[in-house]
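Remarks on the structure that follows.
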Amino acid sequence: MSKQNKNNNMGKIKRSTDDMINDAIAQQNDWQENRREYTRGFLKSLNMFARPSNKNRVENQSVATADVVAARERHGMLRAYWFPIVCAVLVIFIAVWVMFIRGATQPRVVVVPAVPEPVVQRVNEIMVPTFDIVRVEKDGDIVIAGRWLPHQNISIMVNNKIVATERTDYAGEFVYTSAHAWAPGNYTIALLGADPEVKSSDKVFVYVSDAGVENSVSLLMTKEGSTLLQAPAMLCDGDLVVSKIDYLDTGRIVVSGDGLPRLRVSLALNGEYLGFARVSDHRHFGLGADVGELESGKEYELAVRMHDGDGRTVGAVMHKFVMPEMTGDDDTYYTVRRGDCLWIIARNFMRRGVLFSVIAERNAISNPDLIYPKQLLQIPTSGKH
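Everything in the sequence shown is counted per this note's numbering, starting at 4 for the first residue and increasing by one.
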């Protein structure tokens with residue numbers, strides 16, 4: 004009996020297992036069918052958004068024919084790309100019109116690079132007569148060369164009197180040579196243009212020495228200062244060189260030159276001792292002294308001596324001159340040399356070194372302690388500061 008019961012239980016177990024397997028297969032088939040339905044619906048939805056359809060089209064229509072689908076795709080492409088196609092056609096039309104139609108109707112224009120006109124540089128005409136050379140020759144003759152306007156008459160004035168008239172050439176240059184030797188003495192030379200009448204702003208002071216041309220002097224006087232055109236041998240004695248002598252309308256005389264470093268240089272006028280200065284390490288010296296009013300036409304002797312450490316004279320320059328007529332200029336000019344300072348320059352020209360600020364103000368010098376060699380300074384000497 005036990006054996007029979009055992010067989011009955013095994014049959015029941017087998018049948019229940021088959022049912023379970025069948026149920027699982029049925030569920031899987033249902034799940035796959037549901038998934039297929041869901042996929043169909045999703046793809047259908049995508050197809051609706053991808054291609055627009057008419058509102059009157061039947062939504063339940065599932066499949067269209069191949070010809071209808073192809074026609075719709077072509078129509079959609081044209082609607083999507085119509086604007087770029089129109090632009091491309093328009094560009095092609097414009098290019099054809101410019102190259103063929105417009106080019107045939109209008110003349111061709113050749114663009115030539117612009118050639119700049121030649122620049123004609125105008126030469127600045129010398130509106131005021133100027134000096135180039137004023138020299139005393141060995142025989143005592145005077146040679147004067149200068150320039151002004153081309154092909155014009157120019158007169159040579161000596162001590163405010165016209166002594167000769169010359170004609171400028173095509174370059175505006177002229178040369179004058181005196182017909183006879185000039186007598187020893189002082190002369191002031193100026194130039195006067197005849198047409199239009201223009202007087203030179205520069206003058207030349209000439210000293211003809213009775214000792215010969217070696218001791219004669221030719222000095223160009225301009226607004227910028229004085230320049231030796233012809234230096235006399237008498238202003239040099241060994242290492243002592245006198246380069247400039249200024250007489251101011253304030254009655255002060257200023258002597259500049261070169262010597263041996265750290266030696267003393269003294270100054271005397273007609274034997275009267277005026278003072279001394281020491282030569283700088285750069286070999287320059289400047290010395291100023293009050294001499295009062297010098298009379299025009301009177302002869303004076305200026306002595307400049309250099310002394311060693313024991314006071315012995317190692318160099319001397321003796322300069323005899325006849326006082327010329329004053330020009331009436333209020334200011335003079337000084338060229339800065341190495342080792343100079345405004346205090347020494349003010350002391351030499353204006354008697355007191357503390358007046359250096361006046362020179363600085365006149366020359367727009369912001370830092371009175373900073374001046375440069377070859378710098379041109381305007382020195383006020385009229386007392387109107």
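All C-beta atoms, glycine included, are put in the ideal place defined by N, C-alpha and C.
Problem set entry | Segment contact, 8 Å Cβ cut-off, at least three pairs: the region 333 to 349 with the region 370 to 384 | Output reads yes: the region 370 to 384 touches the region 333 to 349.
Problem set entry | From A319, T230, M224, G274, residue whose alpha carbon lies closest to that of V268 | Among A319, T230, M224, G274, the Cα nearest to that of V268 belongs to A319.
For this session: Can you tell me which of the three DSSP states T316 falls into?
Result: The three-state secondary structure of T316, taken from DSSP, is strand.
For this session: Name the residue from L290, L195, F324, M160 whose alpha carbon lies nearest to the alpha carbon of G356.
Result: Taking only the C-alpha atoms, the option nearest G356 is L290.
For this session: If I'm right that V211 touches S219 with Cβ under 8 Å, what's the distance once you round it to whole angstroms?
Result: Confirmed, Cβ separation roughly 5 Å.
Exercise. Going by the beta-carbon positions, is the gap between F352 and P371 smaller than 8 Å?
Worked result: No. Outside cutoff.
Exercise. Going by other Cβ atoms of all chains shown within 10 Å of its Cβ, with 16 needed for buried, is I192 buried or exposed?
Worked result: Looking at its Cβ environment, which holds 16 or more other Cβ atoms inside 10 Å, I192 is buried.
Exercise. Leaving out five residues before and five after G300 in sequence, what residues of the same chain have Cβ atoms less than 7 Å from its Cβ?
Worked result: Hits under 7 Å: V325, M326.
Problem set entry | G241 beta carbon less than 8 Å from that of G295 | No, the pair does not count as a contact, with Cβ atoms beyond the cut-off.
Exercise. What's the call for V122, buried or exposed, on a 16-neighbour Cβ count within 10 Å?
Worked result: Low per-residue confidence applies at V122: pLDDT is 45, beneath 50, and the placement is therefore not dependable enough to give any value.
For this session: Can you tell me which of R308, S283, D261, D252 puts its alpha carbon nearest to the alpha carbon of E275?
Result: The candidate whose alpha carbon is nearest that of E275 is R308.
Exercise. To which residues of the same chain is I362 closer than 7 Å at the C-beta, ignoring the five residues directly before and after it?
Worked result: Once the five neighbours on either side are set aside, the close Cβ partners of I362 are L345, I348, A349, L380, I382.
Problem set entry | Extent of the continuous beta strand (DSSP E) run through I382 | Note, I382: beta strand (DSSP E), 379 to 383.
Exercise. Which whole-angstrom value describes the C-beta separation of G262 and F288, a residue pair presumed to lie in contact below a C-beta threshold of 8 Å?
Worked result: Between F288 and G262 the Cβ distance is about 6 Å, and since that is below 8 Å, they are a contact.
Exercise. Buried or exposed: where does Y173 fall if 16 or more other Cβ atoms within 10 Å of its Cβ makes it buried?
Worked result: The C-beta of Y173 has fewer than 16 other C-beta atoms within 10 Å across all chains shown, which makes the residue exposed.
Problem set entry | Helix, strand or coil at N218 according to DSSP, with G and I counted as helix | Here N218 sits in helix by DSSP.
Exercise. Are I256 and A292 close, meaning C-beta to C-beta below 8 Å?
Worked result: Against a cut-off of 8 Å, the Cβ pair of A292 and I256 comes out as a contact.
Problem set entry | Opening and closing residue of the alpha helix (DSSP H) in which I95 lies | Per DSSP, I95 belongs to the alpha helix (DSSP H) from 85 to 99.
Exercise. So, V216 versus I145, is the Cβ gap smaller than 8 Å?
Worked result: Contact flag unset, no.
Problem set entry | Contact set for L251: own chain, Cβ-Cβ below 8 Å, skip 5 residues either direction | Excluding sequence neighbours, L251 sits near V257, T335, F352, T384.
For this session: Return the chain-ordered ranges of every beta strand (DSSP E) run that is complete within the region 156 to 202 and spans a minimum of 3 residues.
Result: Correct list: 156 to 161, 164 to 170, 176 to 180, 188 to 196.
For this session: Could you spell out where the beta strand (DSSP E) holding I145 opens and where it closes?
Result: From DSSP, the beta strand (DSSP E) with I145 extends over 145 to 150.
For this session: Give the straight-line distance between the Cα atoms of R170 and Y179, rounded to the nearest whole angstrom.
Result: Going by the C-alpha atoms only, they are around 10 Å apart.
Exercise. With distances taken between CB atoms, is the gap from T168 to R150 smaller than 8 Å?
Worked result: Against a cut-off of 8 Å, the Cβ pair of R150 and T168 comes out as no contact.
For this session: Note down, in chain order, each residue of its chain lying with its Cβ closer than 7 Å to the Cβ of G175, except the 5 sequence neighbours on either side.
Result: Cβ neighbours of G175 beyond the five flanking positions: I129, R150, W151, L152, P153.
Exercise. Whose C-alpha, out of I165, N189, D213, L222, is nearest the C-alpha of D391?
Worked result: Nothing can be reported for residue 391, as the shown portion of the chain is limited to 4 through 388.
Exercise. For T338, which residues does DSSP report across the bridge?
Worked result: When DSSP reads this structure, T338 sits in a beta bridge with L379.
For this session: Pick out whichever of V99, V207, Q155 has its Cα sitting closest to the Cα of L232.
Result: By alpha-carbon distance to L232, the top candidate from V99, V207, Q155 is V207.
Problem set entry | Helix, strand or coil at V209 according to DSSP, with G and I counted as helix | Looking at V209 - three-state DSSP - the assignment turns out to be strand.
Problem set entry | Residues near W100 in its chain [Cβ-Cβ closer than 8 Å; skip 5 each side] | Taken in chain order, the list of residues that qualify is empty.
Problem set entry | Simplified DSSP state of I374, which is helix, strand or coil | In the three-state scheme derived from DSSP, where H, G and I count as helix and E and B as strand, I374 is classed as coil.
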